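A.B. asks: Chains A and B, in that order, give the protein sequences. Per our numbering: the first sequence = residues 125 to 261. Per our numbering: the second sequence = residues 28 to 343. Encoded as C-alpha cells, here's the structure I'll be asking about.
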Amino acid sequence: MKAPVLQPFEQLRYALWIDWGARIGLAVLVALFFAYATGILEPLVPHERLPEVWQLPATQYVEATAMPTGWHWLTQVQRGDIANLIGIALLAGCSLPALLVVLPLYVRRGERHLAWIGAAEIAVLLLAASGLLTAGH
Amino acid sequence: MHRVVALGALAVIACVVAAPAHAADAAAAAAAGSSMPWWFWPLALFVACFVMGIVAVPAGIGGGTLFVPIVGGFFPFHLDFVRGAGLLVALASALAAAPMLLRSGLANLRLALPLALVASASSIGGALLGLALPVAAVQTALGVIVLGIVVLMFVSKRSEFPIVAAPDPLSRALALHGVFVDGATGKHVEWQVHRTPAGLATFLVIGVLAGMFGIGAGWANVPALNLLMGAPLKVSAGTSGLVLSLVDSSAAWVYVNKGAVLPMIAVPSVVGMMLGARIGARLLTVLRASVIRRLVIGVLLFAGLRALLKGLGVWT
Numbered sequence: 125m126k127a128p129v130l131q132p133f134e135q136l137r138y139a140l141w142i143d144w145g146a147r148i149g150l151a152v153l154v155a156l157f158f159a160y161a162t163g164i165l166e167p168l169v170p171h172e173r174l175p176e177v178w179q180l181p182a183t184q185y186v187e188a189t190a191m192p193t194g195w196h197w198l199t200q201v202q203r204g205d206i207a208n209l210i211g212i213a214l215l216a217g218c219s220l221p222a223l224l225v226v227l228p229l230y231v232r233r234g235e236r237h238l239a240w241i242g243a244a245e246i247a248v249l250l251l252a253a254s255g256l257l258t259a260g261h
Numbered sequence: 028m029h030r031v032v033a034l035g036a037l038a039v040i041a042c043v044v045a046a047p048a049h050a051a052d053a054a055a056a057a058a059a060g061s062s063m064p065w066w067f068w069p070l071a072l073f074v075a076c077f078v079m080g081i082v083a084v085p086a087g088i089g090g091g092t093l094f095v096p097i098v099g100g101f102f103p104f105h106l107d108f109v110r111g112a113g114l115l116v117a118l119a120s121a122l123a124a125a126p127m128l129l130r131s132g133l134a135n136l137r138l139a140l141p142l143a144l145v146a147s148a149s150s151i152g153g154a155l156l157g158l159a160l161p162v163a164a165v166q167t168a169l170g171v172i173v174l175g176i177v178v179l180m181f182v183s184k185r186s187e188f189p190i191v192a193a194p195d196p197l198s199r200a201l202a203l204h205g206v207f208v209d210g211a212t213g214k215h216v217e218w219q220v221h222r223t224p225a226g227l228a229t230f231l232v233i234g235v236l237a238g239m240f241g242i243g244a245g246w247a248n249v250p251a252l253n254l255l256m257g258a259p260l261k262v263s264a265g266t267s268g269l270v271l272s273l274v275d276s277s278a279a280w281v282y283v284n285k286g287a288v289l290p291m292i293a294v295p296s297v298v299g300m301m302l303g304a305r306i307g308a309r310l311l312t313v314l315r316a317s318v319i320r321r322l323v324i325g326v327l328l329f330a331g332l333r334a335l336l337k338g339l340g341v342w343t
C-alpha cells in the first residue's frame, strides 16, 4: 500500500471551510427548526394554516401569508418560520467564504485563469443571492 | 456532522411529540381540505426521506433525484416548494460529502470550478424559468426527465479508468489533472481529461435542468465527467458532488428569494435524507445493490409516469 497522496493546499483549505460552513449551517438549521416546530418561536404562518397554503404556488403563498421576499425576511427574523432561513442561507452561502479563501492562493501561484474562474463563480453566487433576479407564475 | 443530523432527527421527533398539543389543529386542517392534521405531512415526509436516503446510496443515485418526483407526485405540497426543498436536500448532501472527497482526491476543485461556473450560471436561468412556467408544463417536463433518467440508468455504461491519450488545449491551460489512491487496489491513479469545451456545454444544459426541476444532477454529471471528459469513475462521482454543491447553491438562492422554500417541508426532508444516507452507507455491504437499484428504477418509473400524467391532467 502506497502512502496517501497529499492533495493541493488550496483544495484542502477549501475542504476545511465548507466542512465547517456546512456543520454550522446544519446545526443552526436544526436548532431553529426545533424552536419553530415546538412553538418556542412564534411563526408568521401558524402551523395549522400550513395545509391551506403549502398547496399554493410560491407567488400566491407569498401574497396569502404576507411572507417577505428577497432579503426582507431579515426584518422579521424573530418569527420561527422565517428564522429558519438563517440556517438555509448559511448552507446556501457556505461556498462563498471557501472560494474567497482559495482565490489568493491561485493568484499567488500565478494561476490567473483559475483565479478568474473562481472570481466569476463568486459573482454568480452573489448575483443569485442578491434577490435582483425575479420570476413567478 | 452525524451529531448534527442526529440532533435534527430529534428536532423532527420533538415536533411530533409536541403535536398532540395541537390536536385542535386537525379540525383546522380538515377545513383546509385535508383530513390530516398539519404535522402528519412533515412527519410522513421525514419518514419518506429517511427511506429514500437509505436506498439512494446502494442504488448509486443522489437522494435529490428521488426526492422531487416522489414528493412532488405523492405529497400535497405545491411543486414550487418541493423543488425548493429538493435543491436544499441535494445541497446539504453534497456539502456533507465534499470535504472528505476533496481530502482524498476523489473530488477535484480544479476540475469542478470551470464546470460549476457554467452550470451555476445556467441554474439561475433554470430556476427562474421553473418558477415562471405554468406548473403543468414543469410537471410534464419533470415526468419526461425522470423517465429519461430511468432509461439512462438502464443503458448507461461506465468506464472505471477511461483512456485519455492527450488533454485538449483548454484542459492543458487549466491543468485539469490530478492523482488519487484507489482504495480497491491501493494504487496511485493519475488522470487527465479531454473534450473540455464539450464538457462545459453539457454542464450548461445540466445547470438549467438542476435549477428548473430542483433535482440533484448527479445522474447527468457523472456520465458527462466519466464518458465524455474521461475522468475516472470515482473522480467523476466525487467531483459531481462538488459541482452540485455550487450549482444548487445558486439555484437555491433564487427559490429562497422568491419565498419558495418552506422550512416545514425543507428541514424534515434534509434531516431525514442525511440520516437515511448514513444508514444506507453502512448497509452498503449487507444489501444487494443490484436489487435495490432495480427497486429504485421501478419507483422512479412509477413517479415519472405519475409526474407526466399529472402534468398532462390525466392523473391529478
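By construction, the Cβ of each residue, glycine as well, lies at the ideal position given by its N, Cα and C atoms. Since this is a predicted model, take the numbers as computed values, not measurements.
Where does the unbroken alpha helix (DSSP H) through VAL109 (chain B) begin, and where does it stop?
C.D. replies: Along the second sequence, read from residue 1 onward, the residue named residue 109 (chain B) stands at position 82. Looking at the DSSP string, the run of the alpha helix (DSSP H) that includes VAL109 (chain B) is 106-131.
A.B. asks: Any chance the segment 162-173 of chain B sits against the segment 300-318 of chain B, with 3 or more Cβ pairs inside 8 Å?
C.D. replies: At 8 Å Cβ cutoff, the stretches do not touch.
A.B. asks: What three-state label does DSSP hand GLU166 (chain A) in the structure shown?
C.D. replies: Here residue 166 (chain A) corresponds to residue number 42 of the first sequence, with the count starting at 1. In this structure, GLU166 (chain A) counts as coil in the three-state DSSP scheme.
A.B. asks: Can you tell me which residues form a DSSP beta bridge with GLN179 (chain A)?
C.D. replies: Taking the first residue of the first sequence as position 1, residue 179 (chain A) is located at position 55. Beta-bridge pairing links GLN179 (chain A) to no other residue.
A.B. asks: Please report the distance separating the alpha-carbon of ASP209 (chain B) from that of GLU217 (chain B).
C.D. replies: Working through the second sequence from its first residue, we reach residue 209 (chain B) at position 182. Working through the second sequence from its first residue, we reach residue 217 (chain B) at position 190. Taking the straight line joining both Cα atoms gives about 10 Å.
A.B. asks: Of all the residues that make up the segment 121-147 of chain B, which are near chain A by a beta-carbon distance shorter than 7 Å?
C.D. replies: Here the close residues are LEU122, ALA123, ALA125, PRO126, LEU129, ARG130, GLY132, LEU136, ARG137, LEU140, PRO141, ALA143, LEU144 and SER147.
A.B. asks: Could you tell me the distance, in whole angstroms, from the CA atom of PRO181 (chain A) to the CA atom of GLY205 (chain B)?
C.D. replies: Position 57 of the first sequence, counting from 1, holds the residue named residue 181 (chain A). Position 178 of the second sequence, counting from 1, holds the residue named residue 205 (chain B). Answer to the nearest angstrom: the Cα atoms are 45 Å apart.
A.B. asks: Pull up the distance between the alpha-carbon of VAL323 (chain B) and that of GLY268 (chain B), whole angstroms please.
C.D. replies: As a working note, residue 323 (chain B) is residue 296 in the second sequence. As a working note, residue 268 (chain B) is residue 241 in the second sequence. The alpha-carbon atoms of VAL323 (chain B) and GLY268 (chain B) are separated by roughly 20 Å.
A.B. asks: Run through DSSP, which three-state label would PHE188 (chain B) get?
C.D. replies: For the purposes of this step, residue 188 (chain B) is identified with residue 161 of the second sequence, where counting begins at 1. If DSSP states are grouped into helix, strand and coil, PHE188 (chain B) belongs with coil.
A.B. asks: Which same chain residues end up closer than 6 Å to GLY238 (chain B) when comparing Cβ atoms and leaving out the 5 residues on each side of it in sequence?
C.D. replies: The residue labelled residue 238 (chain B) in the question sits at position 211 within the second sequence. Cβ within range, chain order: SER150, GLY153, ALA154 and ALA278.
A.B. asks: At a CB-CB cut-off below 7 Å, which residues of chain B make contact with THR255 (chain A)?
C.D. replies: As a working note, residue 255 (chain A) is residue 131 in the first sequence. Reading the sequence as shown, one finds Gly at residue 255 (chain A) and not Thr. Chain B residues near GLY255 (chain A): ASN284.
A.B. asks: Please classify PHE101 (chain B) as buried or exposed, where buried requires at least 16 other C-beta atoms within 10 Å of its C-beta.
C.D. replies: For this step, residue 101 (chain B) is matched to residue 74 along the second sequence. PHE101 (chain B) is exposed by the Cβ-count criterion.
A.B. asks: Round the Cβ separation of ALA264 (chain B) and VAL249 (chain B) to the nearest angstrom and send it over; I've been treating them as touching at under 8 Å.
C.D. replies: Within the second sequence, numbered from 1, the residue matching residue 264 (chain B) stands at position 237. Within the second sequence, numbered from 1, the residue matching residue 249 (chain B) stands at position 222. Right, their Cβ atoms sit about 6 Å apart.
A.B. asks: Return the CA-CA distance between VAL318 (chain B) and VAL82 (chain B), expressed in angstroms with no decimal places.
C.D. replies: Numbered from 1 along the second sequence, position 291 holds the residue referred to as residue 318 (chain B). Numbered from 1 along the second sequence, position 55 holds the residue referred to as residue 82 (chain B). VAL318 (chain B) and VAL82 (chain B): Cα-Cα distance of roughly 10 Å.
A.B. asks: Using a Cβ cut-off of 9 Å (strictly closer), state whether LEU302 (chain B) contacts chain A.
C.D. replies: Residue mapping note: residue 302 (chain B) aligns to position 275 of the second sequence, counting from 1. For LEU302 (chain B), the answer is no, since every Cβ of chain A falls outside 9 Å of its Cβ.
A.B. asks: Can you say whether VAL178 (chain B) is buried or exposed, counting buried as having 16 or more other CB atoms within 10 angstroms of its CB?
C.D. replies: The residue you call residue 178 (chain B) lines up with position 151 of the second sequence. Result: exposed.
A.B. asks: Could you tell me which residues DSSP puts in a beta bridge with ALA211 (chain A)?
C.D. replies: One-based indexing of the first sequence puts residue 211 (chain A) at position 87. The sequence shown places Gly at residue 211 (chain A), rather than the Ala named in the question. In the DSSP output, where bridge partners are listed per residue, GLY211 (chain A) has none listed.
A.B. asks: Mark LYS214 (chain B) as exposed unless 16 or more other C-beta atoms lie within 10 angstroms of its C-beta, in which case mark it buried.
C.D. replies: Position 187 of the second sequence holds residue 214 (chain B). By the neighbour-count rule (16 or more Cβ atoms within 10 Å), LYS214 (chain B) is not buried but exposed.
A.B. asks: What residue from B:TRP68, B:ALA86, B:MET79 and B:VAL74 has the CA that sits closest to ARG315 (chain B)'s CA?
C.D. replies: The residue you call residue 315 (chain B) lines up with position 288 of the second sequence. That would be B:ALA86, whose Cα lies nearest to the Cα of ARG315 (chain B).
A.B. asks: Leaving out five residues on either side along the sequence, give the residues of the same chain with a beta carbon under 7 Å from the beta carbon of GLY113 (chain B).
C.D. replies: Looking up residue 113 (chain B) in the second sequence gives position 86. Answer for GLY113 (chain B): GLY91, PHE94, VAL95, GLY241 and ILE242, listed in chain order.
A.B. asks: Compare the C-alpha of LEU140 (chain A) against each of A:SER219, A:VAL231 and A:ALA243 and name the closest.
C.D. replies: Residue 140 (chain A) sits at position 16 when you count from the first residue of the first sequence. Nearest C-alpha to LEU140 (chain A): A:SER219.
A.B. asks: What first and last residue would you give for the beta strand (DSSP E) that runs through GLU217 (chain B)?
C.D. replies: Stepping through the second sequence from its first residue, residue 217 (chain B) is reached at position 190. Start and end: 215-219.
A.B. asks: What would DSSP say about VAL208 (chain B), mapped onto helix, strand or coil?
C.D. replies: Taking the first residue of the second sequence as position 1, residue 208 (chain B) is located at position 181. Of the three classes helix, strand and coil, the one that applies to VAL208 (chain B) here is strand, per DSSP.
A.B. asks: Given ASP205 (chain A), which residues of its chain have a CB within under 7 Å of its CB, disregarding the five upstream and five downstream residues?
C.D. replies: Position 81 of the first sequence holds residue 205 (chain A). Correct list, in chain order: TYR160, PRO167, LEU168 and VAL169.
A.B. asks: From the DSSP output, in three-state form, read off TRP280 (chain B) for me.
C.D. replies: By one-based count along the second sequence, residue 280 (chain B) stands at place 253. Helix.
A.B. asks: Run the CB neighbour count on GLN202 (chain A), radius 10 Å, all protein chains shown included, and call it buried at 16 or more, exposed below.
C.D. replies: On the first sequence, position 78 is the one that residue 202 (chain A) refers to. That one is exposed.
A.B. asks: Note down the Cα distance separating ALA225 (chain B) from ASN253 (chain B), rounded to an integer number of angstroms.
C.D. replies: For the purposes of this step, residue 225 (chain B) is taken as residue 198 along the second sequence, with counting starting at 1. For the purposes of this step, residue 253 (chain B) is taken as residue 226 along the second sequence, with counting starting at 1. Distance between the alpha carbons of ALA225 (chain B) and ASN253 (chain B) is about 13 Å.
A.B. asks: Rounded C-beta distance between LYS337 (chain B) and GLN166 (chain B)? I'm assuming under 8 Å.
C.D. replies: On the second sequence, position 310 is the one that residue 337 (chain B) refers to. On the second sequence, position 139 is the one that residue 166 (chain B) refers to. Correct: roughly 5 Å between the Cβ atoms.
A.B. asks: From the beta carbon of GLN135 (chain A), is the nearest beta carbon of chain B less than 9 Å away?
C.D. replies: If you number the first sequence from 1, residue 135 (chain A) lands on position 11. Closer than 9 Å: yes.
A.B. asks: With DSSP run on the structure shown, which of helix, strand or coil describes LEU201 (chain B)?
C.D. replies: Residue 201 (chain B) sits at position 174 when you count from the first residue of the second sequence. The answer is coil: DSSP assigns LEU201 (chain B) none of H, G, I, E or B.
A.B. asks: Determine the chain A residues that contact TRP280 (chain B) at a beta-carbon separation under 7 Å, and present them in chain order.
C.D. replies: Residue mapping note: residue 280 (chain B) aligns to position 253 of the second sequence, counting from 1. In chain order: ALA216, ALA252 and ALA253.
A.B. asks: Using the beta-carbon count (16 or more within 10 Å), is LYS184 (chain B) buried or exposed?
C.D. replies: As a first step, residue 184 (chain B) is located in the second sequence; it is residue number 157 there, counting from the start. LYS184 (chain B) is exposed by the Cβ-count criterion.
A.B. asks: What would DSSP say about THR92 (chain B), mapped onto helix, strand or coil?
C.D. replies: Within the second sequence, residue 92 (chain B) is the residue found at index 65, counting from 1. The answer is helix: DSSP assigns THR92 (chain B) an H, G or I state.
A.B. asks: When the Cα atoms are used, what is the spatial distance from ALA119 (chain B) to THR343 (chain B)?
C.D. replies: Here residue 119 (chain B) corresponds to residue number 92 of the second sequence, with the count starting at 1. Here residue 343 (chain B) corresponds to residue number 316 of the second sequence, with the count starting at 1. If you take the alpha carbons of ALA119 (chain B) and THR343 (chain B), they lie about 31 Å apart.
A.B. asks: Grouping DSSP H, G and I as helix and E and B as strand, with all else coil, what is GLY157 (chain B)?
C.D. replies: Taking the first residue of the second sequence as position 1, residue 157 (chain B) is located at position 130. Note: GLY157 (chain B) maps to helix in three-state DSSP.
A.B. asks: So ALA119 (chain B) contacts chain A; which residues on that side make the cut at Cβ distance below 9 Å?
C.D. replies: Taking the second sequence and counting its residues from 1, one reaches residue 119 (chain B) at position 92. Ordered by position in chain A, the residues that pass the 9 Å Cβ test against ALA119 (chain B) are ALA146, GLY149, LEU150, LEU153 and LEU215.
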